[in-house]
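Residue numbering for the sequence shown follows my numbering, starting at 1441 and increasing by one per position.
Step one of this worksheet: look at the structure below.
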Amino acid sequence: MIIFRKRGGGSLSAKKVKEKKGLNKYPRTLLEQFYRTMLTIRSFDKKVEEKFLAGEIPGFVHLYIGEEAIAAGVISNLSREDYIQSTHRGHGHTIAKGADLKRMMAEIFGKKEGYCKGKGGSMHIADLSIGMLGANGVVGGGFNIATGAALATKMQGKNNVSVVFFGDGASNRGTFHEAANMAAVWDLPVLFVCENNQYASTTPYMTTTSVENIADRAAGYGMPGVIVDGNDIFAVYEESQKLIDRARRGEGPSLLECKTYRVKGHYVGDPERYRTKEEVDKVCESNDPIDRFECTVLDGKLFSREELDAIKASAGKEVEKALEFARNAEEPEISELFAGVYA
């Protein structure tokens, strides 16, 4: 269990919405999807970290390692036609929504075959064909985009849902209030997913946030607010399913706070002087979402160790193929430097 900071000292354990039980109700294909998605995200970001440190990737990269259960759990409830809006730490969301790993890696490498022809990089990957409205380098920049997509859905008479992911730091931006208030007033089909990873850049969230649980703010907008252990993919999946189904029924927006932990620095290369190595190691050893999934399915005899290893090897191969594609992809032409640039 993650240990969370609490005002006045001490600690606060993430509130468990309910105990995991009846795992046999999950189709084997869904369990494999959970595992494969989390592994692909982990393998992809590890490879990105490795190649960035080797000087092969330009710009900045922000890793999703340790938070994989949130993207995998929430997005497993969405259809291809549903929308997501991501953040600067968006590789996980993009992969979970079904993006092409090769085009993702090519974009991060700044290559012509990338999603944005190499101009967006790590923080601006988008694929409208799968409902991925884009990652956003501006903290809090996605709230109004996702809410606007939900408004469009409602005006068109469709039952699509819009999900916006954001961090604890972004919850303090004015755009959160504007979007949450509008979504609640107009009963828009939006799920606000706060990935509370305990740090806004270099600042512990409790030093800048007046409430212990960001989900408590939902009451101010007249919408449900739910807190879940973000490193438990079963809890994330089940609780997000309820809120997504609620939105589809036309009952309006909700706020889901997923308590997790950012095991890597704010960006690759962050000196991390604001926390101790012991703090990070404690979480990595006891609360890794992939390890927890493995323990659960192995204890329940739902998969063998050999079956899990085969899935892991398969996911790793797909990432290696993406890396090879990106390395061999064409560099953008100088003549295309300003094509598609409007600001």
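We put the beta carbon where it would ideally sit given N, CA and C, even for glycine.
Model, not experiment: these values are computed from the prediction.
When the Cβ atoms of the segment 1543–1555 are set against those of the segment 1578–1597, are three or more pairs found closer than 8 angstroms? no
Rounded to the nearest angstrom, how far is the Cβ of A1610 from that of G1580, given a contact under 8 angstroms? 4 angstroms
What is the DSSP secondary structure of K1455, counted as helix, strand or coil? Unreliable placement is indicated for K1455, whose pLDDT of 37 sits below 50; the coordinate value is still reported in the next sentence. The DSSP-derived three-state label of K1455 is coil.
What does the Cβ neighbour count give for E1679, buried or exposed, with the cut at 16 atoms within 10 Å? buried
Residue ranges of each alpha helix (DSSP H) run of no fewer than 4 residues wholly in the segment 1627–1705, ordered along the chain? 1673–1688
In chain order, what residues of the same chain have a beta carbon less than 7 angstroms from the beta carbon of A1509, not counting five sequence neighbours either side? M1478, G1670, N1671, D1672, I1673, V1676 and P1729
Below 7 angstroms, is the gap between the Cβ of L1631 and the nearest heavy atom of the ligand GTP? Annotation note on the ligand GTP: not contained in the displayed structure, which lists no ligands.
Identify whether D1749 lies in helix, strand or coil by the three-state DSSP scheme. For D1749, the secondary structure class from DSSP, reduced to helix, strand or coil, is helix.
Closer than 8 angstroms is the cut-off here; do at least three beta carbon pairs connect the segment 1693–1705 with the segment 1653–1667? yes
Taking only three categories from DSSP, how would you classify F1583? helix
Among M1646, M1572 and K1594, nearest to N1636 - alpha-carbon criterion: M1646
DSSP three-state call for I1497: helix, strand or coil? coil
Quick one: any contact between the segment 1720–1740 and the segment 1524–1535, if contact means 3 or more CB pairs under 8 angstroms? Three or more Cβ pairs closer than 8 angstroms define a contact, and the segment 1720–1740 falls short of that threshold against the segment 1524–1535.
Whole angstroms is fine: what's the gap from Y1466's alpha carbon to E1472's? So the alpha carbons of these two residues sit roughly 10 angstroms apart.
So what does DSSP say about D1567, is it helix, strand or coil? strand
Per the contact definition of three or more C-beta pairs closer than 8 angstroms, is the segment 1511–1522 in contact with the segment 1598–1608? Counting C-beta pairs with one atom in each stretch, the segment 1598–1608 and the segment 1511–1522 have three or more that are closer than 8 angstroms, which means they touch.
Taking F1616 as the reference, give the member of G1574, V1578, A1511 and Y1639 with the closest Cα. V1578
From A1586 to E1490, what does the alpha carbon distance come to, in whole angstroms? Spanning the alpha carbons of A1586 and E1490 requires a straight line of approximately 32 angstroms.
As assigned by DSSP and simplified to three states, the class of S1775: Note: S1775 maps to helix in three-state DSSP.
Using only the alpha-carbon positions, how far apart do C1634 and G1607 sit? Looking at the two C-alpha atoms, the distance is approximately 5 angstroms.
How is the alpha helix (DSSP H) around G1532 delimited, first residue to last? It spans H1531 to A1536 - the alpha helix (DSSP H) in which G1532 sits, taken as one unbroken run.
Could you compute how far the alpha carbon of G1705 sits from the alpha carbon of G1597? 43 angstroms
Taking 8 angstroms as the threshold (C-beta atoms), are L1573 and Y1523 in contact? Result yes, Cβ atoms of Y1523 and L1573 sit closer than 8 angstroms.
Assign Y1714 to one of two classes, buried (16 or more other C-beta atoms within 10 Å of its C-beta) or exposed (fewer than that). exposed
By how many angstroms is the C-alpha of L1493 removed from the C-alpha of L1763? 15 angstroms
As assigned by DSSP and simplified to three states, the class of S1519: coil
Go ahead and pull the three-state DSSP assignment for Q1596. It is coil, neither helix nor strand.
Closest to N1786 by C-alpha separation, out of K1559, R1476, G1614 and E1725, would be which residue? Lying before the first or after the last residue shown, residue 1786 is absent from the chain, which here runs from 1441 to 1783.
Counted within 10 angstroms of its Cβ, other Cβ atoms place D1485 as buried (16 or more) or exposed: Burial call: buried.
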